[in-house]
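Engineer: Here the sequence shown is numbered in my numbering, starting from 456 and rising by one per residue. Each residue gets a CB set at the ideal place from its N, CA and C atoms; glycine is no exception.
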Amino acid sequence: MEEIVQIQLPPEEVANDAYIRSQLERKIGRNNFSFFWKKRSIDARKRNILINATFTILPEGKQPEKKIFFQAQALGSQTVHIIGAGPAGLFAALRCLELGIKPIVWERGKDVRARRRDLADINKKQVVNPESNYCFGEGGAGTYSDGKLYTRSKKRGDVEKSLGIFVQFGAEADIQIDAHPHIGTNKLPKIIVAMREEIIKQGGEVLFDTKLTDLRIEKGRIEEIQKNDTEWEKVDQVILATGHSARDIFELLHARKVLLYPKPFALGVRVEHRQEYIDKMQYHGRVNDEFLPPASYSLVTQVEDKGVFSFCMCPGGIIAPCATENGEVVTNGWSPSKRNNPYSNSGIVVAISPEDFDNPEDPFVCLDFQKKVEKACWEAAGKSQKVPAQCLKDFVDGKVSKSFPRSSYQPGIVSVDLNKVLPDLVAKRLKKAFLDFDKKMKGFVTNDAVLHAPESRTSSPVQIPRERETFQHPQLTNLYPCAEGAGYAGGIISAAIDGMNCVDAIQSKISGELG
Ligand SMILES: Cc1cc2nc3c(=O)[nH]c(=O)nc-3n(C[C@H](O)[C@H](O)[C@H](O)COP(=O)(O)OP(=O)(O)OC[C@H]3O[C@@H](n4cnc5c(N)ncnc54)[C@H](O)[C@@H]3O)c2cc1C
C-alpha cells in the first residue's frame with residue numbers, strides 16, 4: 456500500500472539517501488520500505504532554511520507505477536489546423552494524435568536551429584526578423600523562454616500531464632517534483648524538436664515559414680485559410696494559438712469583422728540586480744550556497760488603486776531583446792538550467808486596463824498603448840535594439856544615470872530619464888512601488904540595480920472571445936481561440952493545457968456530431 460510522508464530536511468542532506476531513510480524510519484516507525492521523492496520546496500522564512508520534502512512510501516522492493524503521459528493512436532479522417540507552434544500549438548498537436556485526429560500545424564517562423572541565427576542578429580546586428588525572433592518560430596515564445604514551469608492552474612491532473620509530457624520528451628524528471636520547476640533556455644530547444652519529430656512520425660504535419668494571412672468566412676464558419684498571402688486551404692476545425700505578439704492576427708480578425716475585446720495587461724520595466732544581493736536577502740545572508748538554488752522573489756503592492764508586481768523573475772538570468780518588429784524595443788528574461796549568471800532580473804509592471812483610456816470599448820486600446828510605449832523607448836535609445844535604461848535609485852530620485860554596473864542585455868543600453876520616457880500612468884506608480892519594495896527587501900532601491908525598458912509583452916492586450924463550454928468563437932463555430940494570444944493562458948504550462956483543452960472541446964463536438 457502506498458503512503459505519503461512529509462518531513463523537513465536541511466538543504467545539505469537533500470541528496471543523502473541514507474540520511475533521508477533514517478529520518479523516514481523515525482517518522483513512520485519501521486524500516487522495511489522503499490521511498491521515492493514526490494514533492495520538494497524550500498522553506499526560507501526562518502534563518503534555519505529547510506527543505507519541505509514529501510515522499511511516496513512503498514513496500515520494500517516495490518517501484519511506483521510508471522505513467523505514460525503521451526500515447527498516439529492510429530489516425531482517423533478528422534483534421535485540425537493549428538496555427539502557431541508555441542507550447543499551446545505543440546501540445547494541441549500531441550493531444551490530437553492521442554485522439555486519432557490529424558494535426559496540421561502552421562508556423563510563421565523557422566525551426567529551432569534556423570531561429571538561432573535570427574536571435575544572434577538581434578543581439579549583434581540590432582536587426583529583428585519579423586517572422587523569426589524571441590517570440591516567433593518553432594516552440595513559440597516558449598523555446599527561448601526561461602522555462603519556469605509553474606502555473607496558478609488548480610487542475611492538478613492537467614498540470615501533471617503537461618509536466619509528464621515534457622519529461623517524456625527529454626526534460627529532467629525533477630520538474631515533476633519541484634514546487635517551482637525550471638527547465639532552462641539551454642535545454643528547451645531539444646525538447647521542442649523531439650515533440651515536433653514525434654508529431655510528424657505519428658502522421659501529423661508541421662510546416663515552417665507558413666503564416667496564416669487571411670480567412671474566408673461563410674455562414675458562421677471558416678471555410679478556407681490562406682498561407683503566405685498566396686495559397687488557400689480548406690479547413691475542418693481551426694485552433695488559433697498565435698501568441699500575444701501576433702498583432703497582424705488581431706488586425707486580420709478585426710478586418711474580417713470577427714469579434715474582439717480589449718484586455719487588461721501589465722507594463723513596466725525589467726530590473727536587474729546582482730544575484731548575490733537577492734540570495735543575501737532571501738536566504739538570510741547565505742550567499743552562493745552550494746546547497747541552495749539562486750534565490751528569487753515575488754513582490755506586489757497597490758499604488759493608487761492599481762497593482763504593481765514582479766513578473767517572470769529570472770534568478771541567474773539574462774535580459775533578452777524580445778521585439779517582434781523593427782521600430783520597437785521589448786525586454787523579457789531567460790536563464791540557463793543552472794541559473795549561474797551573476798545577475799537576476801525581473802519585470803516590475805503596472806496593471807493596465809481599458810478603463811485607463813478615453814475609449815475603453817476599442818478592442819485595440821491597450822494594444823495601441825503597448826505599441827506607443829515600445830516605440831517611445833526605441834526612439835529614446837537611438838532607434839536600434841538598445842534599450843533606454845536608468846539605475847534604480849536614480850529613477851526614484853529623477854536623475855539621469857552617469858554610469859552603470861554591467862548589464863546582461865546584449866544589444867546595449869542608453870542612459871535616459873525613464874520618468875520622461877514612460878507614461879506617467881506607469882512611471883509614477885513604479886516609483887512609489889519601488890519605495891514600498893525597498894521596505895520589504897532592504898536595499899532593493901540601489902544604483903547597483905538597472906532598469907531596462909519596457910517590459911510590455913506580459914500578456915495579450917486583446918481578447919479573442921470564446922464560449923465557455925464549447926471553446927468556439929461566438930461567431931465562428933470552427934474557430935477555437937487558444938492560449939496566451941487569445942487571453943486564456945499566461946505562461947508555458949497554462950498555454951500547453953489550453954492547447955490540449957481546445958482539442959478535447961473539438962473531440963466532444965466531433966463525437967457529438969457522430970453520435
Ligand atoms: C524571453 C521569454 C521568457 C519567458 N519565460 C517564461 C517562463 O519562464 N515560464 C513561462 O511559463 N513562460 C515564460 N514566457 C512566456 C511563455 O513563453 C508564453 O506564455 C508561452 O510561450 C505562450 O504560449 P502560446 O503557445 O500561447 O504562444 P506563443 O509561445 O507565443 O506561440 C505562438 C506561435 O504562433 C506563431 N504565429 C504567430 N502568428 C502566426 C501566423 N499568422 N501564422 C502562423 N504562425 C503564427 C508564432 O510564430 C509563435 O511560434 C517567456 C516568454 C519570453 C519571450
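Would you kindly work out how many angstroms separate the C-alpha atoms of residue 913 and residue 720, rounded to a whole number?
Structural biologist: 7 Å
Engineer: Once the 5 residues before and after residue 576 are set aside, which same chain residues still bring their CB inside 6 Å of it?
Structural biologist: 582
Engineer: Suppose the cutoff is 7 Å on Cβ atoms and the five residues either side in sequence are ignored; what does the same chain contact list for residue 488 look like?
Structural biologist: 512, 513, 514 and 515
Engineer: Is residue 539 near ligand 1, going by C-beta to nearest heavy atom under 7 Å?
Structural biologist: The answer is yes for residue 539.
Engineer: Going residue by residue through the stretch 487-542, where are the continuous beta strand (DSSP E) segments of at least 3 residues, counting only ones entirely within it?
Structural biologist: 488-498, 505-514 and 534-538
Engineer: Please determine, among 506, 958 and 598, the residue with the shortest C-alpha to C-alpha distance to residue 632.
Structural biologist: Nearest C-alpha to residue 632: 506.
Engineer: Could you tell me the alpha carbon to alpha carbon distance between residue 678 and residue 712, rounded to whole angstroms?
Structural biologist: 15 Å
Engineer: Just how far apart, CA to CA, sit residue 820 and residue 703?
Structural biologist: 15 Å
Engineer: Curious, which full-length alpha helix (DSSP H) runs of at least 4 residues does the stretch 781-841 contain?
Structural biologist: Listed in chain order, the complete alpha helix (DSSP H) runs (minimum 4 residues) inside the stretch 781-841 are 820-835.
Engineer: Report yes if the C-beta of residue 948 is less than 7 Å from at least one heavy atom of ligand 1; otherwise report no.
Structural biologist: yes
Engineer: Can you tell me where the beta strand (DSSP E) with residue 762 in it begins and where it stops?
Structural biologist: 761-769
Engineer: Of the choices 551, 785, 771 and 715, whose alpha-carbon is the least far from that of residue 863?
Structural biologist: 771
Engineer: Can you check which of these residues, 588, 589 and 627, is closest to residue 604 by C-alpha distance?
Structural biologist: 627
Engineer: How far does the alpha helix (DSSP H) with residue 567 in it extend, from its first residue to its last?
Structural biologist: Boundaries of the alpha helix (DSSP H) around residue 567: 567-580.
Engineer: With DSSP as the reference, label residue 846 as helix, strand or coil.
Structural biologist: It is a strand residue.
Engineer: Pull up the distance between the alpha-carbon of residue 698 and that of residue 473, whole angstroms please.
Structural biologist: 47 Å
Engineer: Rank 707, 957 and 767 by C-alpha distance to the C-alpha of residue 724 and give the top, closest one.
Structural biologist: Closest option to residue 724, Cα to Cα, is 767.
Engineer: Do residue 524 and residue 460 come within 8 Å of each other at the CB atom, strictly closer than that value?
Structural biologist: no
Engineer: Beta carbon of residue 585, beta carbon of residue 780: below 8 Å?
Structural biologist: yes
Engineer: In three-state DSSP terms, what is residue 720?
Structural biologist: strand
Engineer: I'd like to confirm something about residue 686: is its beta-carbon nearer than 7 Å to some heavy atom of ligand 1, or not?
Structural biologist: no
Engineer: Is it true that the stretch 917-936 meets the stretch 792-801, where meeting means three or more beta-carbon pairs spaced less than 8 Å apart?
Structural biologist: no
Engineer: What is the DSSP secondary structure of residue 930, reduced to helix, strand or coil?
Structural biologist: coil
Engineer: Nearest-angstrom Cα distance between residue 786 and residue 517?
Structural biologist: Answer to the nearest angstrom: the Cα atoms are 49 Å apart.
Engineer: Beta carbon of residue 852: closer than 7 Å to some heavy atom of ligand 1?
Structural biologist: Flag unset: Cβ of residue 852 not near ligand 1.
Engineer: Would you call the stretch 755-767 and the stretch 839-847 touching, i.e. three or more CB-CB distances under 8 Å?
Structural biologist: no
Engineer: Can you list, in chain order, the stretches of the beta strand (DSSP E) that have 3 or more residues and sit fully within the stretch 877-963?
Structural biologist: 905-910 and 934-936
Engineer: Run through DSSP, which three-state label would residue 966 get?
Structural biologist: The three-state secondary structure of residue 966, taken from DSSP, is helix.
Engineer: Say yes only if the C-beta of residue 957 is nearer than 7 Å to one or more non-hydrogen atoms of ligand 1, and no if none qualify.
Structural biologist: No, since every heavy atom of ligand 1 falls outside the 7 Å radius drawn around the Cβ of residue 957.
Engineer: Quick check: the stretch 606-625 against the stretch 636-655, are there 3 or more CB pairs under 8 Å?
Structural biologist: yes
Engineer: Need the endpoints of the beta strand (DSSP E) that residue 1020 sits in, please.
Structural biologist: Residue 1020 is absent from the structure shown; the chain starts at 456 and stops at 970.
Engineer: So residue 647 is in the alpha helix (DSSP H); what residue range does that whole segment cover?
Structural biologist: 643-656 is the span of the alpha helix (DSSP H), which, as asked, contains residue 647.
Engineer: Taking residue 722 as the reference, give the member of 811, 893 and 932 with the closest Cα.
Structural biologist: 811
Engineer: Compare the C-alpha of residue 666 against each of 537, 618 and 552 and name the closest.
Structural biologist: 537
Engineer: What first and last residue would you give for the alpha helix (DSSP H) that runs through residue 733?
Structural biologist: 730-737
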